[in-house]
Amino acid sequence: MFFFPALLYSPKLDLFLIVLAIVSFVGMAFFFYWEVFRPYSAKMRPGQMEPPEEGDFAEIVVPESTRYYKFTVGQSYGDIVTLCKSIQDEHLVFVLKKGKESEDYDILIHRNGPVLVKPPRMQFFTKMESEEKLESHEIIGQTAFFRISDKINRERMTQYFEIGLTSAFFINKMGKERMKFIFTVQKIHPGLALRSRDKKGIYSFGKERSEEE
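Quick note: the sequence shown, position 2, residue 2 per the working numbering, numbers continuous.
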């Protein structure tokens, strides 16, 4: 009988519960920021952002503390923000899933709008299904291409953003071999009409008259 209260109210147990509560709170705060506040705040600031340019890229290394990383391409928020009326938010979503004990990744791709895809070593673009899957070794030194827009006409797009995805190994500061993924804005066809910017800061596809002349 003497040991049960001591076990229940031990300082170690109190410390453990406090640490557990702090970790839970931080986890919930991060989830709220990433899934709610971040997209909302991004939607409120497109008028302050500049449109992307061909050649813009993002390098992603999946943190060693997790096996999953989500990368999105969208209109007014995401990792690549197009600021284009023909693109939806989360138009294209990549989920990088790391192997348990290796630098092998499954790349799960989901679309929320029209997409044409050309995997490595394929000659032509084809209409992407609702979901696709690539393996990281397929794009080492090779590039998978994705064209996104609001419509597909006979397996073609007349205006689009083209996103390229490739991967490469590198040695980090700890001397460990890691893999990085490079997402690049390969092409914006025919371009963005910079004079078409609306009150929300979103553009239409097109060329300026001075450029056409």
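Glycine is no exception: its CB is placed at the ideal position from the N, C-alpha and C atoms.
Bridge partners of R147 according to DSSP: L116, E162. Residue range 131-135 is occupied by the beta strand (DSSP E) that includes L134. In this structure, the straight-line span from the alpha carbon of I171 to that of G55 is close to 24 Å. For S136, the closest alpha carbon among the candidates F169, K127, G78, D150 is that of F169.
A144 counts as buried, since no fewer than 16 other beta carbons sit within 10 angstroms of its beta carbon.
In the structure shown, the three-state DSSP call for I87 is coil. Setting aside the 5 residues that flank it on each side, V61 is surrounded in the same chain by R178, K180, each with a C-beta closer than 7 Å to its C-beta; the list follows chain order.
Per DSSP, the beta-bridge partners of E59 are I182. Nearest in C-alpha terms to E64, of all of L83, Y77, G74, Y105, is Y105. A residue is called buried when at least 16 other Cβ atoms come within 10 angstroms of its Cβ; K98 meets this threshold and is buried. At the C-beta level, I202 and V73 stay beyond 8 Å of one another. Beta-bridge analysis with DSSP links A168 to K180. In the DSSP assignment, T72 falls within the unbroken beta strand (DSSP E) covering 68-74. Secondary-structure assignment with DSSP links V93 through a beta bridge to T72, H110.
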